[in-house]
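*Asks:* Per numbering that gives the first Met the number 0, the sequence shown starts with residue 0, numbered consecutively.
Where a beta carbon is used, it is the ideal one built from N, C-alpha and C, also for glycine.
Please read these numbers as outputs of a predicted model, since none were measured by experiment.
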Amino acid sequence: MKIGIVACGAIVRELIAIANRQQWEYELTAVPAQLHNTPERIAPAVQKQLDGWAERFDLILVGYGDCGSRGALDELLAGYEHVVRIPGPHCYEFYAGDEFQRQSQEQPGTFYLTDFLARHFDKLVWRGLGLEAHPELAPLYFGNYTDLLYIQQLPAHAESERAKAAAEKLGVRYRQVESGLDELERRLVGIVEERKRAQISMDQDGMQR
């Protein structure tokens, strides 16, 4: 089965690791992670990537949550066959699953980082929000946060240090949990296996006719 993957740039590394481990036949294209700062642009950007792909693959995985699109992404994908978005609201929940739910309930004033966001905090968050030029605006964006939780996918000392530096810049308490890729992999494998079963069923129906 040939799989196409259209993914947010923030989770490309993790998706490649999973796809290679599962030995899938796949092709991946990335959508810029910066679009999270303008979520209304996510669905049009995904549509641009999907155009021309629909007939090339048995399954297209969309590596996004809703990600602030307010349902626009799911509305778009409903118009395509064999195109499936990873279930979940955002990548924090993809990685941490029930642990994210627990953390968000116990510490509602938490700012979250993944490996990707830890690496690119200054570019995507600090400069992306214009805070390098106007640091006095930081309290408007982050004044209600008390904690920063770094959800670590792959162990890396450099990312931990960057996440700690981000917490210090925001003036909040630093915490860290290790999620790995198991939860995300479980969801992806579930989608692929369901599609395989559907293909087998269709092939069997065709043979019986």
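Under a three-way DSSP split, which group does Leu139 fall into?
*Replies:* Correct three-state label for Leu139: helix.
*Asks:* Less than 8 angstroms separating the beta-carbons of Val30 and Gln48?
*Replies:* It is a contact, given that the beta carbons lie within the stated cut-off.
*Asks:* Indicate whether Glu182 and Tyr63 have their beta-carbon atoms separated by less than 8 angstroms.
*Replies:* In this structure, Tyr63 does not lie closer than 8 angstroms to Glu182 by Cβ.
*Asks:* Helix, strand or coil for Glu158 per DSSP?
*Replies:* Helix at Glu158.
*Asks:* Under the three-state reduction of DSSP, which class applies to Gly108: helix, strand or coil?
*Replies:* Reduced to three states, the DSSP call for Gly108 is coil.
*Asks:* Given a threshold of 16 other Cβ atoms within 10 Å of its Cβ, counted over all protein chains shown, does Leu60 qualify as buried or as exposed?
*Replies:* By the neighbour-count rule (16 or more Cβ atoms within 10 Å), Leu60 is buried.
*Asks:* Between Leu27, Val171, Gln22 and Arg20, which has its C-alpha nearest Ile10's C-alpha?
*Replies:* Closest by alpha carbon: Leu27.
*Asks:* Output the distance between the C-alpha atoms of Leu187 and Glu158, rounded to the nearest integer angstrom.
*Replies:* The alpha-carbon atoms of Leu187 and Glu158 are separated by roughly 25 angstroms.
*Asks:* Assuming Gly142 and Gln33 are in contact, meaning their beta carbons sit under 8 angstroms apart, how far apart are those beta carbons, in whole angstroms?
*Replies:* Not really, about 24 angstroms apart at Cβ, beyond 8 angstroms.
*Asks:* For the stretch 16 to 60, which segments carrying the beta strand (DSSP E) assignment without a break, of at least 3 residues, lie completely within its bounds, in sequence order?
*Replies:* Those beta strand (DSSP E) runs which fall completely within the stretch 16 to 60 and span 3+ residues are 24 to 30.
*Asks:* Measuring CB to CB, does Gln220 end up less than 8 angstroms from Glu177?
*Replies:* This structure does not reach residue 220, given that the chain is present from 0 up to 208, and the question cannot be answered.
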